[in-house]
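Residue numbering for the first sequence follows the numbering used here, beginning at 216 and increasing consecutively.
Positions of the beta carbon are idealized from the N, C-alpha and C atoms, including for glycine.
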Amino acid sequence: MKLIISEKEIAAKRIASILSGNGQKEEKVYGVSVYHIKLGKDECAVIGLKGHILKVDFPKEYSNWFKVDPVDLIDAEIEKTPIHKNIVQALKKVAGDASEVIIATDFDREGELIGYDAWQVAIGKNSLLNAKRAKFSAITNSDIGSAFAKLEKLDLNLAFAGRARQDIDLIWGAVLTRFISLASYQVKENFLSVGRVQSPTLTLIVDREMEIQAFVTTPYWVVNVKLKTDRGEEFEATHKKKRFLKKEEASKAFSKISGEGEVLDVNETIRSIAPPTPFNTTSLIVSANSIGFTAAKTINIAENLYMNGYISYPRTDNTVYTASIDLQEITKMLKVSGSFADACSDVLKQSKIIPSRGKKRTTDHPPIYPTFSVSRQSLSSDEWKLYELIVRRFLCTLLPPAQIKSITANINVSGEVFVANGSNIIKENWIKHYPYYKHEDVYIPNLVPGQKLKIIDREMLDKETKPPARYTQGKLVEKMEELGLGTKATRHTIIQTLISRGYIRGNPLVPSEKAIAVVKILKKHAEKISSPDMTSELEMDMDGIARGDETKDEVVEKSREMLKDVMVNLKNVKADISQEIKKAVKEDFIIGKCRQKDCDGNLIVRVSKKSKKRFIGCSAYPKCTSTFSLPQLGMILPTKDKCKRCDYPVIRIITKGRKPWDLCINGDCPGKDEKYKNYKSKKPGQKSSD
DNA sequence: GCAAGGTC
216 MKLIISEKEI AAKRIASILS GNGQKEEKVY GVSVYHIKLG KDECAVIGLK
266 GHILKVDFPK EYSNWFKVDP VDLIDAEIEK TPIHKNIVQA LKKVAGDASE
316 VIIATDFDRE GELIGYDAWQ VAIGKNSLLN AKRAKFSAIT NSDIGSAFAK
366 LEKLDLNLAF AGRARQDIDL IWGAVLTRFI SLASYQVKEN FLSVGRVQSP
416 TLTLIVDREM EIQAFVTTPY WVVNVKLKTD RGEEFEATHK KKRFLKKEEA
466 SKAFSKISGE GEVLDVNETI RSIAPPTPFN TTSLIVSANS IGFTAAKTIN
516 IAENLYMNGY ISYPRTDNTV YTASIDLQEI TKMLKVSGSF ADACSDVLKQ
566 SKIIPSRGKK RTTDHPPIYP TFSVSRQSLS SDEWKLYELI VRRFLCTLLP
616 PAQIKSITAN INVSGEVFVA NGSNIIKENW IKHYPYYKHE DVYIPNLVPG
666 QKLKIIDREM LDKETKPPAR YTQGKLVEKM EELGLGTKAT RHTIIQTLIS
716 RGYIRGNPLV PSEKAIAVVK ILKKHAEKIS SPDMTSELEM DMDGIARGDE
766 TKDEVVEKSR EMLKDVMVNL KNVKADISQE IKKAVKEDFI IGKCRQKDCD
816 GNLIVRVSKK SKKRFIGCSA YPKCTSTFSL PQLGMILPTK DKCKRCDYPV
866 IRIITKGRKP WDLCINGDCP GKDEKYKNYK SKKPGQKSSD
């Protein structure tokens, strides 16, 4: 018997079905589905994993944060232990009868490692078991057929490269997290995490906040004139200078406006606007963010749509359709349901469909596209919004570019040059079917040089330069991809991690004081982990391992030595670190201004000496004895928001496995009971969608 | 209880 191992249960089922022409027989082994099929003359069993089945960790004796010096973790042994016990059991049992293992996990580095781990588990009872590799980029008849027709060798070096990443991430993450947390007494639920991906990501947000804080606005002035042709057509033109930095100059230009205008010259250009490229995970998150979905919400809903068979696999880097996807067939299928019939017709009436393509071409999965035509009624409103976005995006990638005409006219008004810009779409093509693309036609009439224009109004506007914008979750995911931080499957969870650590909040994202302090310390004393360079260097090392130029042990050892140097520096400044973080944490704990008359204290979180319970008190105690009660569990974050009902400060309570709870501190707030009831009805462990 | 990477 041959044993085929795939990365997930749903893929196992589809592979079994394709290889057997839907002749698979399902058996449950320790609750795990195993599909029995016949492949040529061979009996085969197909089993699906749940991603990684083993995790890395330090031995138990290192688990107490207070008893182990973080530095001792650097050279500690690293163990691999099962994550999903039933799958490991089932795998071992089925492997007992196997003569060969075929690894059919995702065609990427982690897929190779997941497959290698599964093979090692399978070998346990069967020391002669060898492994082959099926490589495919889409679970379609043709791709699966050719992958199994020419099986390859499992790429051990590629798997070891993945293993190096696991070890290095664990060592650096655990050592620095424990050190920073212990140094500042931020322990238990308040611990301060540090990691190869999360820390550079946090640095992006903090750097942006610093830029905003340091930004000095400069005033400028804009001078406009409103004009009219003989035929009565009205339009606007702006002074050629656009921004006047001196008010006197703007006033001078403004006061000169009189008499009539004369067209100096007119320029027309026609621009093509290319259709959007096929969705991968990042571009889906970015687009969905602009219609109001957080990154986590997008991923949750997409996962749902995928599990129901409505869209293709949502975790992909690829932006180029693979040849085995029949774009025309999918369009025909979508046309039937009616909601997108117009767009489908436009696609199908082309003599040849030429799909757009993005810059990233990978082997992991196809781009995200609809796989089933589903009606609006059978989805929730959010599901439909996302599904519609994916369908429209898909259809637009199959349509020709739009064309936009731009007109620029220079107009002389009393010796000053004003510029009128107009633009209008002359060929809609894909834009017609993609309402998410915002384009507004700007009208200007047909003008000819020498034409005289009547002045009907003039204005001088006071403006000022604006600081750069904070990152939205979408923009952040995009930036992370650009810098190589995280993967398609983890970028949104990294953002969630930073939120649940109390480092950042909101969308756009604002860092807390402790986030600013941690980033400052890392930049100064552990620069390596605060920068995306650590990831790019790791990528190079992993490529080296995959090529066979270096070994996994050499790379991990080199990394350990580097961390030891970093720790020597950090230990020298432990007292400063402690001071700096404690100060920031204190500032984060200012809930708002005291509400008592004539008191200028701050409301802060305090702990009662008697009962050891926490509460909100005034910093002016004992002069002011104002207090508010607090929930005793969860992390407390000030939000700087005021309660809509009673205007008292609102705090956010974050408890692991629960949706964040926004709470007004006023015990007598009219909305309080209702909010608390809402919170209580959420079960622990329930997934938060924002 | 630490990370980041899979998947649910």
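Would you mind giving the Cβ-Cβ distance between residue i and residue j, rounded to the nearest angstrom? I have them listed as a contact below 8 Å.
i: Gly263; j: Lys217; result: With 8 Å as the limit, Gly263 and Lys217 do not qualify as a contact, their Cβ atoms being about 16 Å apart.
i: Pro747; j: Pro415; result: 5 Å
i: Ile500; j: Val692; result: 5 Å
i: Leu604; j: Tyr651; result: 7 Å
i: Cys806; j: Pro864; result: Before going further, note that residue 806 is Ile rather than Cys in the sequence given. Rounded, the Cβ-Cβ distance is 5 Å, consistent with contact.
i: Ala503; j: Thr513; result: 4 Å
i: Ser399; j: Ser638; result: With a Cβ gap of about 55 Å, Ser399 and Ser638 do not count as contacting.
i: Arg829; j: Val820; result: 6 Å
i: Val733; j: Ile395; result: 7 Å
i: Ala799; j: Gly816; result: Contact flag wrong, Cβ pair sits at about 20 Å.
i: Thr687; j: Pro723; result: 5 Å
Put residue i into one of helix, strand or coil per three-state DSSP.
i: Gly637; result: strand
i: Ala930; result: Because the chain spans 216 through 905 in this model, residue 930 falls outside it and cannot be assessed.
i: Pro415; result: helix
i: Phe469; result: helix
i: Gly689; result: helix
i: Asn519; result: helix
i: Glu292; result: coil
i: Phe459; result: strand
i: Asp877; result: strand
i: Pro180; result: In the structure as shown, the chain begins at 216 and stops at 905. Residue 180 is therefore absent and cannot be evaluated.
i: Pro570; result: coil
i: Cys833; result: strand
i: Asn787; result: helix
i: Val800; result: helix
i: Trp599; result: helix
i: Asp768; result: helix
i: Gly759; result: helix
i: Ile792; result: helix
i: Asp312; result: coil
i: Val781; result: helix
i: Lys275; result: helix
i: Ile317; result: strand
i: Val865; result: strand
i: Thr702; result: coil
i: Thr854; result: strand
Apart from the five residues just before and just after residue i, which ones in its own chain have a Cβ nearer than 8 Å to its Cβ?
i: Glu294; result: Val271, Asp272, Phe273, Pro274
i: Gln906; result: The requested residue 906 is not part of the displayed model; the chain covers only 216 to 905.
i: Glu451; result: Asn439, Val440, Lys441, Leu442, Ala635
i: Lys575; result: Asn495, Asp532, Asn533, Thr534, Val535
i: Gly630; result: Lys471
i: Tyr277; result: Val283, Asp287, Leu288, Ala291
i: Ser590; result: Ser552, Ser554
So, at 7 Å on beta carbons, what are the nonlocal neighbours of residue i in its own chain, with the 5 sequence-adjacent residues on each side left out?
i: Thr537; result: Ser352, Ala353, Pro581
i: Ser751; result: Gly699
i: Asp856; result: Val865
i: His654; result: Ile640, Ile646
i: Thr586; result: Gly524, Tyr525, Ile526, Ser527
Tell me which same chain residues have a C-beta within less than 6 Å of the C-beta of residue i, skipping the five on either side of it?
i: Gln711; result: Ala511
i: Arg673; result: Val440, Ile472
i: Phe633; result: Val440, Ala452, His454, Ile626
i: Val412; result: Leu700, Gly701, Ile709
i: Glu448; result: Pro660
i: Gly759; result: Glu765
i: Ile620; result: Residue 620 is actually Lys in this sequence, not Ile. Cβ within range, chain order: Ile485, Asn639, Ile641.
*Length at least 3, wholly inside the region 327 to 412: the beta strand (DSSP E) runs in chain order*: Here the runs fully enclosed are 345 to 348.
*Just list the beta strand (DSSP E) runs in the region 632 to 682, keeping only unbroken ones of 3 residues or longer that don't cross its boundaries, in chain order.*
Within the region 632 to 682, the runs of beta strand (DSSP E) at least 3 residues long that lie entirely inside it are, in chain order, 667 to 679.
*How about the region 654 to 674 and the region 518 to 528: do they share at least three Cβ pairs that are nearer than 8 Å?*
Between the region 654 to 674 and the region 518 to 528 there are fewer than three C-beta pairs closer than 8 Å, too few to call the two in contact.
*Are at least three pairs of beta-carbons, each pair with one atom in the region 773 to 791 and one in the region 382 to 390, less than 8 Å apart?*
With the cut-off at 8 Å, the region 773 to 791 and the region 382 to 390 touch.
_Which runs of the alpha helix (DSSP H) at least 4 residues long sit entirely within the region 216 to 260? Give them in chain order._
Runs found: 224 to 235.
*Is the region 290 to 307 touching the region 324 to 343, taking contact as three or more C-beta pairs under 8 Å?*
Touching, yes, given that three or more Cβ pairs across the two stretches are closer than 8 Å.
*Using 8 Å as the threshold, is the region 561 to 573 in touch with the region 609 to 627, meaning 3 or more CB pairs across them?*
Enough Cβ pairs lie closer than 8 Å, so yes.
_So within the region 485 to 563, which uninterrupted alpha helix (DSSP H) runs reach at least 4 residues, ignoring any that extend past its ends?_
With a minimum length of 4 residues, the unbroken runs of alpha helix (DSSP H) contained wholly in the region 485 to 563 fall at 496 to 505, 510 to 522, 542 to 552, 556 to 563.
*asked:* Assess contact between the region 320 to 328 and the region 575 to 595, defined as three or more Cβ pairs (one per stretch) separated by less than 8 Å. Is contact present?
replied: The region 320 to 328 makes contact with the region 575 to 595; the number of CB pairs closer than 8 Å reaches 3 or more.
*Counting pairs of beta carbons, one from the region 357 to 371 and one from the region 548 to 558, are three or more of them closer than 8 Å?*
Result no; under three Cβ-Cβ pairs closer than 8 Å.
*Of all the beta strand (DSSP E) runs that stay within the bounds of the region 575 to 632, which reach a length of 3 or more residues?*
Listed in chain order, the complete beta strand (DSSP E) runs (minimum 3 residues) inside the region 575 to 632 are 617 to 628.
*Is the number of C-beta pairs between the region 678 to 692 and the region 424 to 440 that are closer than 8 Å three or more?*
Counting C-beta pairs closer than 8 Å gives three or more between the region 678 to 692 and the region 424 to 440, which meets the contact rule.
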